[in-house]
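Residues in the sequence shown are numbered from 1 upward in steps of one, following full-length UniProt numbering.
Think of the CB as a built atom: it goes at the ideal place given N, C-alpha and C, for glycine as much as any other residue.
The structure displayed is predicted, hence computed values, not measured ones.
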Amino acid sequence: MMKKLFILFLAGGALLQSCKNINKNTANMSTNETANKSLFDYKVESLDGKEINFADFKGKKVLIVNTASECGFTPQYADLEKLSKDYADKLVVVGFPANNFGGQEPGTNEEIGAFCEKNFGVTFPMAAKVSVKGDDIAPIFKYLTEKDLNGVKNTAILWNFTKFLVDENGKLIDSYISTTKPDSDAITKYLK
Numbered sequence: 001m002m003k004k005l006f007i008l009f010l011a012g013g014a015l016l017q018s019c020k021n022i023n024k025n026t027a028n029m030s031t032n033e034t035a036n037k038s039l040f041d042y043k044v045e046s047l048d049g050k051e052i053n054f055a056d057f058k059g060k061k062v063l064i065v066n067t068a069s070e071c072g073f074t075p076q077y078a079d080l081e082k083l084s085k086d087y088a089d090k091l092v093v094v095g096f097p098a099n100n101f102g103g104q105e106p107g108t109n110e111e112i113g114a115f116c117e118k119n120f121g122v123t124f125p126m127a128a129k130v131s132v133k134g135d136d137i138a139p140i141f142k143y144l145t146e147k148d149l150n151g152v153k154n155t156a157i158l159w160n161f162t163k164f165l166v167d168e169n170g171k172l173i174d175s176y177i178s179t180t181k182p183d184s185d186a187i188t189k190y191l192k
């Protein structure tokens, strides 16, 4: 009887070790699959109801910014527009209106588009309004803010006009807090 229990114990241990190896291999596979993901795997709705396919921007850097129309940083729209014009051959700026902070983006997509065009002459792509944090975070911002997904760093979006710079291959370079101006050396050094 004791011999049978011992054999069962050994068999159970071998089975447990086998399961651990399978889980480890599965975890490595998930990590490798995630490591191969890039910004170019994402498509989002634009303000005008069309599609922004990030794969269309291959070969250029992309600056993604969560925006708001009633924020103290809203004048950065002008700087973002100038940056997008000055570096049009190397960079695409994409704005993502979000109402996550202080209710500072209450408008509809149509209202946001009219505001941006009228007040700042925005011509760079603008996505439809999204959530950039919390349970309803847009998948693209989940990718940008989680190191497990982007392979570079975790970023807590603390306010409107947080910026994410992505390289020509769709990989995150860095993120910048709201007070970092679009034309700052921290960003433009990658564009020269």
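(1) At which residue ranges does the UniProt domain "Thioredoxin" (33-192) contain complete alpha helix (DSSP H) runs of 4 or more residues, listed in the order of the chain?
(2) Which residue's Cα is closest to the Cα of Asn36: Asn160, Val130, Thr67 and Leu172?
(3) Please report how far the alpha carbon of residue 194 lies from the alpha carbon of Asn66, in whole angstroms.
(4) Excluding the 5 residues preceding and the 5 following Ser38 in the sequence, name in chain order all residues of the same chain whose CB lies nearer than 7 Å to its CB.
(5) Pull up the distance between the alpha-carbon of Leu158 and that of Lys133, whole angstroms please.
(6) Check each candidate in Glu81, Leu144, Asp148 and Phe124 and name the one with the smallest Cα separation from Thr162.
(7) Going by beta carbon distance, what residues of the same chain come within less than 7 Å of Ser46, once the five residues before and after it are set aside?
(8) Is it true that the CB of Val122 sits closer than 8 Å to the CB of Tyr77?
(9) Just the Cα atoms here: how many angstroms apart are Ser131 and Ala55?
(10) Give the single residue among Gly102, Lys118, Asp41 and Glu70 whose Cα lies nearest to the Cα of Phe57.
(11) Below 8 Å between beta carbons: does that hold for Ile64 and Val94?
(12) Given that a residue counts as buried once 16 or more other Cβ atoms are within 10 Å of its Cβ, and exposed if not, what is Glu105?
(13) Would you mind sorting Lys147 into buried or exposed? The rule is 16 or more other CB atoms within 10 Å of its CB.
(14) Tell me the rounded alpha-carbon separation between Ile137 and Asp86.
(15) Whose C-alpha, out of Leu83, Phe96, Lys82 and Asp79, is nearest the C-alpha of Phe141?
Short version:
(1) The alpha helix (DSSP H) runs lying completely inside the UniProt domain "Thioredoxin" (33-192) and spanning 4 residues or more are 76-86, 109-120, 139-145, 147-150 and 185-188, given in chain order.
(2) Taking only the C-alpha atoms, the option nearest Asn36 is Leu172.
(3) Residue coverage of the chain in this structure runs from 1 to 192, which leaves residue 194 outside it and unanswerable.
(4) Asn169, Gly170 and Lys171, listed in sequence order.
(5) For Leu158 and Lys133, the distance between alpha carbons rounds to 9 Å.
(6) Minimum Cα distance to Thr162 is reached at Leu144.
(7) Closer than 7 Å at the Cβ level, and outside the excluded window around Ser46, lie Ile52, Pro125, Met126, Ala127 and Ala128.
(8) It is a contact, given that the beta carbons lie within the stated cut-off.
(9) Near 22 Å, if we compare the C-alpha coordinates of Ala55 and Ser131.
(10) Nearest to Phe57 by C-alpha distance, out of Gly102, Lys118, Asp41 and Glu70, is Asp41.
(11) Result yes, Cβ atoms of Ile64 and Val94 sit closer than 8 Å.
(12) Glu105 comes out buried.
(13) Under this definition Lys147 is an exposed residue.
(14) Those two C-alpha atoms are separated by around 31 Å.
(15) Measuring from the Cα of Phe141, the nearest candidate turns out to be Phe96.
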